[in-house]
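Chemist: All letters in the sequence shown, in the order written, are residues -28 to -1, 1 to 504 by mature numbering (1 follows the signal peptide of the UniProt record, and there is no 0).
Once you've had a glance at the structure underneath, I'll fire off some questions.
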Amino acid sequence: MTFDSVRRALLQGAVAAAVLTLVPAAMAADEQPQYGGVLTAILSPEPPNLNVAIQQVAVTQLVAGKIYESLLTYSSKLEPMPSLAKSWDVSADKLTYTFHLQPNVTWHDGKPFSSEDVVFSYKEILSKTPRTRTLMSFIEDITAPDKDTVVFKLKSPYSAFLYSFDIGGGAILPKHLYSTGELTQNPHNNAPIGTGPFKFKQWQRGSYIELVKNEKYWKEGRPYLDGITYRVIPDAASRRLAIEQGTVMQAWLNDIEPFDLQRLAKLPHVNAVRAGYEYWSTLNWIELNQGRKPFDDKRFRQALMYGIDRQFIVDKIMFGSSTLATGPIHHKTRFYDPNVKKYPYDPKKAAALLDEMGLKPDGKGVRATIGLIPLPYGEMHRRLAEYIKQNLSKIGIAVNIENTDVGGWTTRVGNWDYDMGLNGVFQYGDPAIGVARTYLASNIKKGLMFTNTSQYNNPKVDELFNKAAVAPTDEERQKLYTEVQQILVEDVPVVWIADTNYTTFLNKRVHNAITTGLGAVDTYADAWLSKQ
């Protein structure tokens, strides 16, 4: 099917984008939780593995967030909340953070959980991951004065410190199972042992992942559910039908095609919930490999911004599930500033920049031929790749679409084996955590996905990000982040496309699932099902 035929079908079947009906995230006061039942949820695509400490793609976090836990979680207002840490103290100089752990926590295999597991996880595993590398650069030491206490001693104040402990960047792994052997070869990466409310039971590749209730969960009386089953459903039409017919109870992120969102939101047995993405605030963009020509020339990158009709993408491919991105910070993330250089769709200006570079069209009108790896998260992203190809052909850039699965996508982009790659990146509540990592020269790490995989290098940008991370007031941080946004939008290290506004679809039998800013990724310890 050509992109034009897909486009016509979408436009014919589309309804005007409108605000979805919002539903309360928490249960009404007169509803009483019930025990029992298995929640069924869509899983698409299938994750590479379930160790969220080494594989942080969204689908891994979705499942692993029920098995593993981190020290903290976050409210919809991005306030730190207890998880494995029941409380914490901060010294007056903001250099010492003392976490007091929940008592009597056990791993799913019955072994006791302690502060030693936290110290081991951070020093030996998380310190090597893309997310936590930045945090660790501010840490002088992590100690365990007793089994229920962990102390983080910082080298200097780090303003985003308490935003760093979600499941994606701070999953605690059992020391007794990971202290020996090669991390990537550990059998528990695909059969995880955690402390969470649900235990791993089985994974039938290509079919489903089954989790069952942790009868010895540390939170008294939880969980309510007997289990959660994640069903692998690769086809978009089948995913929509599963929600319509009630054979699955949950869809999130890109599970549902954007042009189906409004129709599904009106189904009498479905709640469409916009809450639960506050911490993530995903920003979609095109990675540009600046280690290859012509991407090392700012004019070429600017030409891409002018040469792609990003507003059409937001309106007619994403159908109101996103907002036009203006730069490196999502509009719902702290310190966003919209007052930056704008890039309206302007093929003539794009062509002029390419002419200025000396990239003249050949006899077939082609100035350059480049590859594009789509984001392997559903049909919408494939259509997006086709539309980008169509747009760029009009300014003489020929695009070869190179499809792959999640594992291939992370491997190729992480190893700089690409020209352009579509990506969707979490903001994680604070630019020091979720934004800076993409642009800091110190985070150019071949082989690690979700680092500075575009290999962008600007010492001034590094200076501003580093100062903003330690600035003592929000006012000072805002000034620094405003300046860095202005520089980045001029340099165009990546092509920003859209700030997402995702929806989670839940069967109305599901209660108290979306209760924090982590939404469907959080533990679901309080989720329950009403009777048929």
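Backbone N, C-alpha and C define an ideal beta-carbon position, used for all residues, glycine too.
Just so we're clear, the structure is a prediction, and the values are computed from it rather than from any experiment.
#1: Please classify Ile373 as buried or exposed, where buried requires at least 16 other C-beta atoms within 10 Å of its C-beta.
#2: Output the boundary residues of the beta strand (DSSP E) element that contains Gly396.
#3: Can you tell which of Phe85, Leu15, Ser426 and Trp468 has its C-alpha closest to the C-alpha of Phe267?
#4: Could you check if Pro20 is buried or exposed, using at least 16 other CB atoms within 10 Å of its CB as the buried criterion?
#5: Can you tell me whether DSSP reads residue 511 as helix, strand or coil?
#6: In the DSSP assignment, find the unbroken alpha helix (DSSP H) run with Ser253 in it and report its ends.
#7: Residue range of the alpha helix (DSSP H) that Asp471 falls in?
#8: Determine the contact status of Leu344 and Val378, defining contact as a CB-CB distance below 7 Å.
#9: Are the segment 488 to 502 and the segment 310 to 323 in contact at 8 Å, needing three or more beta carbon pairs?
#10: Looking at the secondary structure, which residues open and close the alpha helix (DSSP H) in which Thr32 lies?
#11: I need the boundaries of the beta strand (DSSP E) containing Phe307, first residue and last residue.
#12: Tell me the DSSP secondary structure of Lys361 in three-state form.
#13: May I ask you to report which of helix, strand or coil DSSP gives Gly380?
#14: Looking at the strands, I want to know which residues DSSP matches up with Leu296.
#15: What would DSSP say about Glu3, mapped onto helix, strand or coil?
#16: Using 7 Å as the threshold, is the C-beta distance between Val204 and Leu15 below it?
#17: Under 7 Å, do Glu328 and Thr167 count as touching if we go by C-beta distance?
#18: List the DSSP bridge partners of Ser59.
#19: Let me know the beta strand (DSSP E) ranges lying completely inside the segment 118 to 187, each 3 residues or longer, listed in chain order.
#20: Can you grab the Cα-Cα spacing for the pair Pro146 / Asn76, in whole Å?
#21: Rounded to the nearest angstrom, how far is the Cβ of Val397 from that of Leu255, given a contact under 8 Å?
#22: Taking the DSSP output, what are the residues bridged to Gly199?
#23: Could you pull out every residue in the same chain whose Cβ sits closer than 7 Å to the Cβ of Val493, ignoring the five residues on either side in sequence?
#24: According to DSSP, is Asp227 part of a helix, a strand, or is it coil?
#25: I'd like the ranges of any beta strand (DSSP E) spanning at least 3 consecutive residues and lying wholly in the segment 427 to 458.
#26: In the DSSP assignment, what residue or residues form a beta bridge with Tyr46?
#27: Just how far apart, CA to CA, sit Lys270 and Ala323?
#28: Measure from the alpha carbon of Lys288 to the alpha carbon of each residue in Leu325, Pro465, Arg339 and His353, then state which is nearest.
#29: By the three-class DSSP mapping on this structure, what secondary structure does Glu328 have?
#30: Assign Leu43 to one of two classes, buried (16 or more other C-beta atoms within 10 Å of its C-beta) or exposed (fewer than that).
#31: Around the C-beta of Asn395, are 16 or more other C-beta atoms found within 10 angstroms, so that it is buried, or is it exposed?
#32: Tell me whether His241 sits in a helix, a strand or coil according to DSSP, three-state version.
#33: If you count every other CB in all the chains shown that lies within 10 Å of the CB of Ser293, and 16 or more means buried, which is it?
#34: Residue range of the alpha helix (DSSP H) that Ala340 falls in?
#35: Tell me whether Asp281 sits in a helix, a strand or coil according to DSSP, three-state version.
#36: Taking the straight line between their C-alpha atoms, what separation do you get for Asp2 and Gly8?
Modeler: Put simply:
#1: Locating residue 373 in the sequence shown gives position 401, where the first residue counts as 1. When all chains shown are included, Ile373 counts as exposed.
#2: As a working mapping, residue 396 is identified with position 424 in the sequence shown. Start and end: Met392 to Val397.
#3: Within the sequence shown, the letter at position 295 stands for residue 267. Measuring from the Cα of Phe267, the nearest candidate turns out to be Ser426.
#4: Translated into positions along the sequence shown, residue 20 becomes position 48. By the neighbour-count rule (16 or more Cβ atoms within 10 Å), Pro20 is buried.
#5: Past the edges of the chain, shown from -28 to 504, lies residue 511, and the structure says nothing about it.
#6: As a position in the sequence shown, residue 253 is number 281, starting the count at 1. Element bounds for Ser253: n/a, residue is neither H nor E.
#7: Your numbering for residue 471 matches position 499 in the sequence shown. Element bounds for Asp471: not the alpha helix (DSSP H) but the beta strand (DSSP E), Val466 to Thr472.
#8: Indexing the sequence shown from 1 puts residue 344 at position 372. Indexing the sequence shown from 1 puts residue 378 at position 406. Not a contact, by the Cβ cut-off of 7 Å.
#9: no
#10: Along the sequence shown, read from residue 1 onward, the residue named residue 32 stands at position 60. Its alpha helix (DSSP H) spans residues Ala30 to Ala36.
#11: Residue numbering aside, residue 307 sits at position 335 when the sequence shown is read from its first letter. Premise fails: Phe307 is in no beta strand (DSSP E) and is neither H nor E.
#12: For the purposes of this step, residue 361 is taken as the residue at position 389 of the sequence shown. Correct three-state label for Lys361: helix.
#13: Numbered from 1 along the sequence shown, position 408 holds the residue referred to as residue 380. Gly380 falls in the helix class under three-state DSSP.
#14: For this step, residue 296 is matched to residue 324 along the sequence shown. Answer is Ala470, bridged to Leu296.
#15: Looking up residue 3 in the sequence shown gives position 31. Assigned with DSSP and collapsed to three states, Glu3 falls in coil, not helix or strand.
#16: Taking the sequence shown and counting its residues from 1, one reaches residue 204 at position 232. Taking the sequence shown and counting its residues from 1, one reaches residue 15 at position 43. The answer is yes: Cβ separation under 7 Å.
#17: Against the sequence shown, residue 328 aligns to sequence position 356. Against the sequence shown, residue 167 aligns to sequence position 195. Taking 7 Å as the Cβ cut-off, Glu328 and Thr167 do not qualify as a contacting pair.
#18: By one-based count along the sequence shown, residue 59 stands at place 87. Bridge partners of Ser59: His72.
#19: 121 to 126, 170 to 176 and 180 to 185
#20: Here the question's residue 146 lines up with position 174 in the sequence shown. Here the question's residue 76 lines up with position 104 in the sequence shown. Near 15 Å, if we compare the C-alpha coordinates of Asn76 and Pro146.
#21: Counted from its first residue, the sequence shown places residue 397 at position 425. Counted from its first residue, the sequence shown places residue 255 at position 283. Taking C-beta atoms under 8 Å as the contact rule, Val397 and Leu255 qualify, at a distance of about 6 Å.
#22: Counting from 1 along the sequence shown, the entry for residue 199 is found at position 227. Gly199 is bridged to Val10 and Val184.
#23: Taking the first residue of the sequence shown as position 1, residue 493 is located at position 521. Only Gln33, Leu34, Gly37 and Ile139 meet the Cβ criterion.
#24: Looking up residue 227 in the sequence shown gives position 255. Three-state result, Asp227: coil.
#25: none
#26: Residue numbering aside, residue 46 sits at position 74 when the sequence shown is read from its first letter. Beta-bridge pairing links Tyr46 to Pro52.
#27: To locate residue 270, count along the sequence shown from 1; it is residue 298. To locate residue 323, count along the sequence shown from 1; it is residue 351. When rounded, the distance between both Cα atoms is 14 Å.
#28: Here residue 288 refers to the residue found at position 316 of the sequence shown. Just measuring C-alpha positions, the residue of Leu325, Pro465, Arg339 and His353 sitting nearest Lys288 is His353.
#29: Start at 1 with the first residue of the sequence shown, and residue 328 comes out as number 356. Here Glu328 sits in helix by DSSP.
#30: Taking the first residue of the sequence shown as 1, we reach residue 43 at position 71. With 16 or more other CB atoms across the displayed protein chains lying within 10 angstroms of its CB, Leu43 is buried.
#31: Mapped onto the sequence shown, residue 395 falls at position 423. With 16 or more other CB atoms across the displayed protein chains lying within 10 angstroms of its CB, Asn395 is buried.
#32: Start at 1 with the first residue of the sequence shown, and residue 241 comes out as number 269. Here His241 sits in coil by DSSP.
#33: Counting from 1 along the sequence shown, the entry for residue 293 is found at position 321. Buried, since its Cβ has 16 or more Cβ neighbours within 10 Å.
#34: As a first step, residue 340 must be located in the sequence shown, where it is residue number 368. For Ala340, there is no enclosing alpha helix (DSSP H); the residue is part of the beta strand (DSSP E) that begins and ends at Ala340 to Ile345.
#35: As a working note, residue 281 is residue 309 in the sequence shown. Note: Asp281 maps to coil in three-state DSSP.
#36: For the purposes of this step, residue 2 is taken as residue 30 along the sequence shown, with counting starting at 1. For the purposes of this step, residue 8 is taken as residue 36 along the sequence shown, with counting starting at 1. At Asp2 the pLDDT is 49, less than 50, meaning the model places this residue with poor confidence; the figure from the coordinates comes in the next sentence. Each residue's alpha carbon lies about 19 Å from the other.
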